[in-house]
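Q: Residue numbers (mature numbering (1 follows the signal peptide of the UniProt record, and there is no 0)): -24 to -1, 1 to 148.
C-beta atoms are modelled at their ideal positions from N, C-alpha and C, and glycine is treated no differently.
First the structure, which I've put down as structure tokens, then a few questions once you've had a look.
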Amino acid sequence: MRLQSVWNVLLAVGYWCLIHVAKAQIQTEEEELESSTEPSSLGVMTTNMPDDQYSTQVLCPANYDGFCLNGGTCLQVQVGHNQRTPRCQCTHEYVGRRCERYNPVYMDSQGSKPEDKNYVIVGAVCGAVILLALVGIICILVSWKRDRQARRNSTDAEKNRQENGHLTEGDY
């Protein structure tokens, strides 16, 4: 009975770990989708296009302060005859019209994606919980086996006493 309870707990913990990791991945993908489809708050669409597609680029005027997020630089580019539109030149860490999304291919100075560290932490916690559950199962199994052996030994001793007329070694 105890073994079944431990097994149920182990399955629940494993299920929770899988759901947690999957939920985090889905949430990240949903945020990327929302930010890539929503128009900017100023009604201007900007993209990360190569500089040679524009004839001129100048820094944006002061009223565009804060237009580019996460350290991006706002540039006004000429896209038509006397028509200028702002666009963001993002740092390597961010992408998007306004540098609003983390760049999924960006590697930090140690050669790993910073978001991978979160998955490593979640995986380590889940692994530790599963390891503890396995150790608990082993302890319960060993305890159960010892109890069973002790009951078997006491039953055998009782049978011997009954067969020998209730005499034991200490009775002579």
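(1) Mapping the DSSP letters down to three states, classify Leu45 as helix, strand or coil.
(2) If you measure between the beta carbons of Val(-12) and Ile106, is that distance less than 8 Å?
(3) What are the boundary residues of the beta strand (DSSP E) that includes Val81?
(4) Applying the 10 Å Cβ sphere with the 16-neighbour rule, what's the burial state of Gly48?
(5) Use the C-beta contact count for Asp132: other C-beta atoms within 10 angstroms, 16 or more gives buried, fewer gives exposed.
(6) Whose CA, out of Gly56, Arg74 and His57, lies closest to the CA of Cys50?
(7) Which residues does DSSP pair with Tyr70 in a beta bridge?
(8) Do you know how far the Cα of Arg63 is from the Cα of Ser17?
(9) Taking only three categories from DSSP, how would you classify Cys36?
(10) Would you kindly work out how many angstroms separate the C-alpha atoms of Asp28 and Gly56, rounded to a whole number?
(11) Pull the bridge partners of Leu51 from the DSSP assignment, please.
(12) Excluding five sequence neighbours on each side, which residues of the same chain lie with their C-beta closer than 6 Å to the C-beta of Pro80?
(13) Using the DSSP secondary-structure output, state which residues sit across from Gln56 in a beta bridge.
(14) Have a look at Arg77 and Val101 and give me their C-alpha separation to the nearest angstrom.
A: On the basis of the supplied data:
(1) Looking up residue 45 in the sequence shown gives position 69. Residue state, collapsed to three classes: coil.
(2) On the sequence shown, position 13 is the one that residue -12 refers to. On the sequence shown, position 130 is the one that residue 106 refers to. The Cβ atoms of Val(-12) and Ile106 lie closer than 8 Å to each other.
(3) Position 105 of the sequence shown, counting from 1, holds the residue named residue 81. Premise fails: Val81 is in no beta strand (DSSP E) and is neither H nor E.
(4) Locating residue 48 in the sequence shown gives position 72, counting from the first residue. It counts as buried.
(5) Counting from one through the sequence shown, the residue named residue 132 turns up at place 156. Residue environment: Asp132 is assigned as exposed (fewer than 16 neighbouring CB atoms within 10 Å of its CB, all protein chains considered).
(6) The residue given as residue 50 occupies position 74 in the sequence shown. With distances taken between CA atoms, Cys50 lies nearest to Arg74 out of Gly56, Arg74 and His57.
(7) Within the sequence shown, residue 70 is the residue found at index 94, counting from 1. According to DSSP, which records beta bridges pairwise, Tyr70 is partnered with Tyr78.
(8) On the sequence shown, residue 17 is found 41 positions in, with the first residue counted as 1. On the sequence shown, residue 63 is found 87 positions in, with the first residue counted as 1. Its pLDDT being 39, under 50, Ser17 is placed unreliably in this model, and the coordinates cannot settle the point.
(9) Locating residue 36 in the sequence shown gives position 60, where the first residue counts as 1. DSSP places Cys36 in coil when its eight states are reduced to three.
(10) The residue you call residue 28 lines up with position 52 of the sequence shown. The residue you call residue 56 lines up with position 80 of the sequence shown. Because the pLDDT at Asp28 is just 46, under 50, the model does not fix this residue reliably, and the value given afterwards should be weighed accordingly. Counting only the Cα atoms, Gly56 lies some 14 Å from Asp28.
(11) As a position in the sequence shown, residue 51 is number 75, starting the count at 1. Under DSSP, Leu51 shares a beta bridge with Leu35 and Arg63.
(12) As a first step, residue 80 must be located in the sequence shown, where it is residue number 104. There are no such residues.
(13) On the sequence shown, position 80 is the one that residue 56 refers to. Looking at the sequence itself, residue 56 is Gly, so the reference to Gln does not match. Paired residue(s): Gln59.
(14) Stepping through the sequence shown from its first residue, residue 77 is reached at position 101. Stepping through the sequence shown from its first residue, residue 101 is reached at position 125. Whole-angstrom Cα-Cα distance: 27 Å.
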